[in-house]
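One structure is given below, encoded as C-alpha cells.
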Amino acid sequence: MYLGNSGSTDPYILNSGAADKFQLNATGGSSAGLLAYYAPATLTGSGKVVLGGPGNYLGYYGEGYFINTAGHTIEGGGAIYAKVVNEGQITANNGVLTISAPITGSGNVGVADNATLQVNSTLQTGNFTMSRLAALNVASGYYLDLKGNYSFAQVDESKWTWGSLTMLQMSGGGLFQALEVGSEDLGAVLGGFSNNFDLVKLSLVGAGTYAYLNDAIDNENRHSPEALYADALWVDPDATLNLFGKHLYVLKDGLPYLVTIADDRASWLGGGHIIDESISVTPLPSTLLLLFSGLMGLWALGRRSRKT
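Structural data, given as C-alpha cells:
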C-alpha cells in the first residue's frame, strides 16, 4: 500500500483510533508493505500499524519516510526499510523485527518475550526495554543511542549479541538515565568480558548527560549485586557516569580494569566525571498511587478523630 502520490511532496497522514490497527499479513513467501511514497507519511492517533511476520515491511520511495507520533505504535515482526522518526512506540513482538534504516526520535523501543530485534542500522530511542525471553542482535558497526533508560530482564546471554565496533551510547542531556547491569561479577578477569551481558563500548556523550548503573532486575544465575563489563568506556568531559555502588570493568591496555572514582577526569576514558554516589530514584507511578492512597487514608482517619 502506497501512502502518498507519485511525484508529490505533500505529506500523508494515516490517523487511527485506540481500537484501530492497520495489519500487514503476508504469508507463504509473499510480501506486503506499507510505503511512504516520495513524502513523509505520518502515523498518528492511538492505534497501531502491525507487521504480521516475515515478508511484511515498512518501505519507501524517493524521499519518503515515516513519522510515528506520540501515542501511536508500530509492532510485530518483519522489517523496517524506511527511516522512521519515532515519537511513539516500536515493539518487536512477533518473531524477528529487523531495523534496516535509521530510527530517530525520543519515542520508546521494546522487545517482547520470544521476539528478536535485529539492528542493522543506527537506532535512537527514548527508553529501551527487553523482556525476560527477548533477544537482541546488533550488527557490526552500528549503535544504540539512548535518550532515556536502558532496562532488560533477559536471563540468556546467547540472546544478547553485539557485533564488532558496536556501541551503547547514552545522550540524555540533563535527564537521569538508568543503565541496567546484568553481568555476573567475576572480578577483574578476562572471562567476564564474554557471554556475560557485556558491551563492546559504553559511551556517554553530550553536555549534561548523566547515567547511573542500576541493578533493579535479577538476570538470574548471578552473584548479587550484578556488574557491567565493557571492552571500552568513553565519558565526554561534560558528562557524568555514576557507578551507584556497582562494579564496572573495562579493558585497559588489553587487561581487565575496575573503574573507580579515582578515574574521574581520566583522559583515557574521555575526561568526564566518574562518581559513586547515592541518588533518589523516582518512584514508579503505581508506587506514587499507593503512597497517595495511604496519605488520604491517614487524613480521613485524623478527620474522623477530630470529629469524635
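Going by the numbering used here, the first residue of the sequence shown is number 120, and it counts up by one from there.
Even glycine gets a Cβ: it sits at the ideal position worked out from N, Cα and C.
Outcome for Ser-399 when other beta-carbon atoms lying within 10 angstroms are tallied against a minimum of 16: exposed
Is the CB of Phe-295 under 7 Å away from at least one CB in chain E? Absent from the structure is chain E; it holds one protein chain and no more.
Cα-Cα, which of Val-203, Asn-338, Val-308 is closest to Leu-154? Val-203
Nearest candidate by alpha-carbon position, reference Tyr-179, set Tyr-157, Glu-299, Val-257: Tyr-157
With 16 other Cβ atoms within 10 Å as the buried cut-off, status of Val-308: exposed
Taking the alpha-carbon positions, what's the Phe-185 to Arg-384 distance? 41 Å
Start-to-end residues for the beta strand (DSSP E) that takes in Ala-297: 295-299
Assigned secondary structure, Ala-253 (DSSP; H/G/I helix, E/B strand, else coil): coil
Using the three-state DSSP reduction, which class does Phe-271 fall into: helix, strand or coil? strand
According to DSSP, is Glu-194 part of a helix, a strand, or is it coil? strand
Minimum C-alpha distance to Gln-243 - residue among Asn-233, Ala-358, Tyr-261, Gly-196: Tyr-261
Under 7 Å between the Cβ atoms of Leu-352 and Ile-393? no
One or two residues paired with Gly-178 in a DSSP bridge: Leu-154
Just to confirm my understanding: we take Asn-256, look at its own chain, exclude 5 residues before and 5 after, and list those with CB closer than 6 Å. What are they? Gln-237, Thr-280
From the DSSP output, in three-state form, read off Asp-382 for me. helix
Quick check on DSSP: helix, strand or coil for Lys-278? helix
Rounding to the nearest angstrom, what Cα-Cα distance links Ile-209 and Gly-310 in this structure? 34 Å
If distances are taken between C-alpha atoms only, which option among Asn-213, Glu-299, Ser-270 comes closest to Gly-172? Asn-213
Which of helix, strand or coil DSSP assigns to Gly-164: strand
Applying the criterion that 16 or more other CB atoms from any shown protein chain within 10 Å of the CB defines a buried residue, is Thr-379 buried or exposed? exposed
Buried or exposed, going by whether 16 or more other CB atoms sit within 10 Å of the CB of Pro-356? exposed
Ala-151 versus Asn-175: straight-line alpha-carbon distance, rounded: 5 Å
Who pairs with Thr-328 in a beta bridge, going by DSSP? Thr-328 is not bridged to any residue.
Since Asp-264 is in the beta strand (DSSP E), which residue starts that stretch and which ends it? 262-265
Close beta carbons around Ser-240, own chain, < 8 Å, minus the five adjacent residues each side: Ile-218, Ser-219, Ala-220, Pro-221, Ile-222, Tyr-261
I need the straight-line Cα distance from Leu-265 to Ala-234, nearest angstrom please. 21 Å
Closer than 6 Å by C-beta to Ala-254: which residues in its own chain qualify, once you throw out the five before and the five after it? Chain order, please. Thr-235, Lys-278
Out of Val-369, Asn-338, Leu-377, which one is the CA nearest neighbour of Ser-250? Asn-338
As a quick exercise: from Ala-326, Val-230, Leu-216, pick the residue whose alpha carbon is nearest that of Ala-198. Leu-216
Using only CA atoms, which one of Asn-205, Asp-350, Gly-190, Phe-363 lies nearest to Asp-395? Phe-363
Is Leu-388 helix, strand or coil by DSSP? helix
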